[in-house]
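Okay, so here's the structure we're looking at.
Residue numbers (my numbering), protein chains in the order written: chain A, 1307 to 1693; chain B, 156 to 412.
Dropping the structure here:
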């Protein structure tokens, strides 16, 4: 570093580490509680704690700490996830919830590339998730290696999504959104009338087997029994880590810059050599690929696929995660997915009103924090890099 | 000297309005040409037709030995023409560095594998480009060069113009089209910016500039030659003093007495 320049103050690692530890304990407490009044109390405490920290400016300290020491925070987050999984190692229900959060985050990472970076609205997220899921349902019983099935699920989602490329390229903004809504509606009808795909009743999905290891058996370690969901958890975590790193690298590259440039001003981007169609297509395909892989794994975890799991309403849930967590910020998606998936499951009393809750949450966020709970920071190609 | 850009009989209509009416324009390498005329005389339309934002209804444009008539904007850029916009078109949430790199698109590696996997190579390319962008900004305003990763949204108009011009210059174009660089700035700021533009040109000999401007002091000071448009036609051409004394030009600006 050049000695004559004033050395910029570096944020410490400890605000991030403390926040991570507190968040992990909070997550464990919330996931472990059964009583409705305890859960409500925890949620209220959580909301006020986050709000209070935000007012005191401590959240900024945390996000700066995360930005500066991202590698360590990433490892910390992995340890946190493993801690949560270890804590609930025999609790099927909680592990299923955690896996759902992980896979929804992977799917919204895909949406994030499309909408957050390239500005292509996709209201058919659940359909592409469903394409992955049905791929698992069809291919798991065959001899195709199950890791390959996940990959095929992603590829099929990208391939079928390319039907939408022409309308998406030729329309902008709301009109492109309407095209994807139409696709979501058609997709559900297509599943319902197709007997090969189980029709309206849907079909069972065979559990995964990896190198002879069946994912649907509980694991016996001496006297301890581990939930079979732990295998799925491990795979979902690996999938999340890989896609998280790739999406982050994408954002911190010339490609991320291209996508931002075309989202913010297509005309100016075109005047500086950008091939608008090429990059919109790239973003749309990569996004659907991630959504498809997440869907393929999720179907194996849940063991069932049906048309009603992949409706327009489910697409809206994915979009609300994106709006809630922070468009363009992968960390925010994790927080958003946790809120959207876990809160209604734990708060059984509001189950029927969960769409009302999403709507209120999203409206509240759009009004008071339009960039989401964790807004996207300005691009730093290499965190902590200084000339 | 042979021409760098040569537009012949360019016509562009918008419905019944003829924005460009058989315009001929030739610029030699290293020339600074002022494109002036009353509002609506077709100056910006000329830029938009050259850069491919609009198609010409007739006529052609040759640039650097190739035909760029009705070429897509990105091909025009690749051929070596960069521009700024009348109303600033920076990407406000992005940093200064990002905005300038948008202008360097043709020299950045665009492969997925390179960008996502070969991060060490990417880092090298990033560092080279960072140094180049910083050096360019430094010519304009050294204080900005220390803030390369600040978002553009918080900057005053003169700094935004500087960044827009840096974005146009970073790819070392042969022809720079400046569309009213003084818009929204004070006289002093405009004078400062023009000094900086001349300084940049000192360093890149051979850069041709066509500038659209209403601020006549700017035109007088920096241009070698002026072309005056009115209703899409060229009504005068020559050094500023000559053109300013032209009766037809005075009539176009002031109306008949």
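Each residue gets a CB set at the ideal place from its N, CA and C atoms; glycine is no exception.
Any idea which residues DSSP pairs residue 1516 of chain A with across the strands? A/1519
Does the CB of residue 256 of chain B have a neighbour CB from chain A at under 9 Å? yes
Same chain only: Cβ atoms within 6 Å of residue 1313 of chain A, ignoring 5 sequence neighbours per side: Reliability of the predicted coordinates at residue 1313 of chain A is poor, the pLDDT of 46 falling under 50, and no value is obtained from them.
Is residue 1684 of chain A close to chain B, meaning its C-beta is less than 9 Å from at least one C-beta of that chain? yes
Just the C-alpha distance for residue 181 of chain B and residue 387 of chain B, rounded to the nearest angstrom, thanks. 16 Å
How about residue 1423 of chain A: is its C-beta nearer than 9 Å to some C-beta of chain B? no
Is the Cβ of residue 1523 of chain A closer than 9 Å to any Cβ of chain B? no
Proximity below 9 Å, CB of residue 1634 of chain A to CB of residue 1643 of chain A: no
Kindly give me the distance between the Cβ atoms of residue 328 of chain B and residue 237 of chain B, rounded to whole angstroms, as I take these residues to be in contact under 8 Å. 4 Å
Relative to chain A, which residues along the region 211 to 238 of chain B have a C-beta separation below 7 Å, given in chain order? 228, 229, 232, 233 and 238
Along the chain, where does the alpha helix (DSSP H) containing residue 1379 of chain A start, and where does it finish? 1376 to 1393
Any chance the region 1589 to 1605 of chain A sits against the region 1424 to 1442 of chain A, with 3 or more Cβ pairs inside 8 Å? yes
Mapping the DSSP letters down to three states, classify residue 360 of chain B as helix, strand or coil. coil
Three-state class that DSSP yields for residue 1617 of chain A in the structure shown: coil
For residue 1469 of chain A, count neighbouring C-beta atoms within 10 Å of its own C-beta (all shown protein chains included) and say buried if the count is 16 or more, exposed if not. exposed
Residue burial classification, residue 349 of chain B (beta-carbon count within 10 angstroms, cutoff 16): buried
Taking Cβ positions only, does residue 1549 of chain A come closer than 9 Å to chain B? no
Which residues in the same chain have their Cβ closer than 7 Å to the Cβ of residue 1494 of chain A, if we skip the five residues on either side of it in sequence? 1613, 1616 and 1617
Given residue 216 of chain B, which residues of its chain have a CB within under 8 Å of its CB, disregarding the five upstream and five downstream residues? 160, 161, 162, 163, 165, 204, 205, 222, 223 and 224
Confirm, please, whether the CB-CB distance from residue 1683 of chain A to residue 1369 of chain A is below 9 Å. yes
Going by the DSSP bridge assignment, what does residue 366 of chain B pair with across the sheet? B/189 and B/333
State the start and end residues of the unbroken alpha helix (DSSP H) segment that holds residue 1343 of chain A. 1342 to 1362
Going by the CB atoms, is the gap between residue 1585 of chain A and residue 1561 of chain A shorter than 9 Å? yes
Roughly how many angstroms lie between the CA atoms of residue 1676 of chain A and residue 1667 of chain A, to the nearest whole one? 12 Å
Are residue 338 of chain B and residue 403 of chain B touching if we call contact CB-CB under 9 Å? no
Kindly indicate if chain B contains any beta-carbon less than 9 Å away from that of residue 1561 of chain A. yes
Since residue 215 of chain B sits in a beta bridge, which residues does DSSP pair it with? B/163
For residue 1686 of chain A, which residues from the same chain have a beta carbon less than 6 Å from its beta carbon, with the 5 sequence-adjacent residues on both sides left out? none
Below 8 Å, how does it come out for the region 1315 to 1332 of chain A and the region 1369 to 1382 of chain A: are there three or more Cβ pairs, yes or no? yes
Residue 1413 of chain A and residue 1541 of chain A: beta carbons closer than 9 Å? no
Contact under 9 Å by Cβ, residue 251 of chain B with residue 228 of chain B: no
Got a sec? Which residues, its chain only, sit under 6 Å from residue 1649 of chain A by beta carbon, not counting five neighbours each side? none
Is it true that the CB of residue 394 of chain B sits closer than 9 Å to the CB of residue 307 of chain B? no
My output table needs one value for residue 256 of chain B: the three-state DSSP class, helix, strand or coil. helix
Between the CA atoms of residue 1608 of chain A and residue 1451 of chain A - distance to the nearest angstrom: 19 Å
For residue 1309 of chain A and chain B, any beta-carbon pair shorter than 9 Å? Only weak support is given to the placement of residue 1309 of chain A: the predicted model assigns it a pLDDT of 40, under 50, and the value that follows is read from those uncertain coordinates. Output row for residue 1309 of chain A: interface = no.
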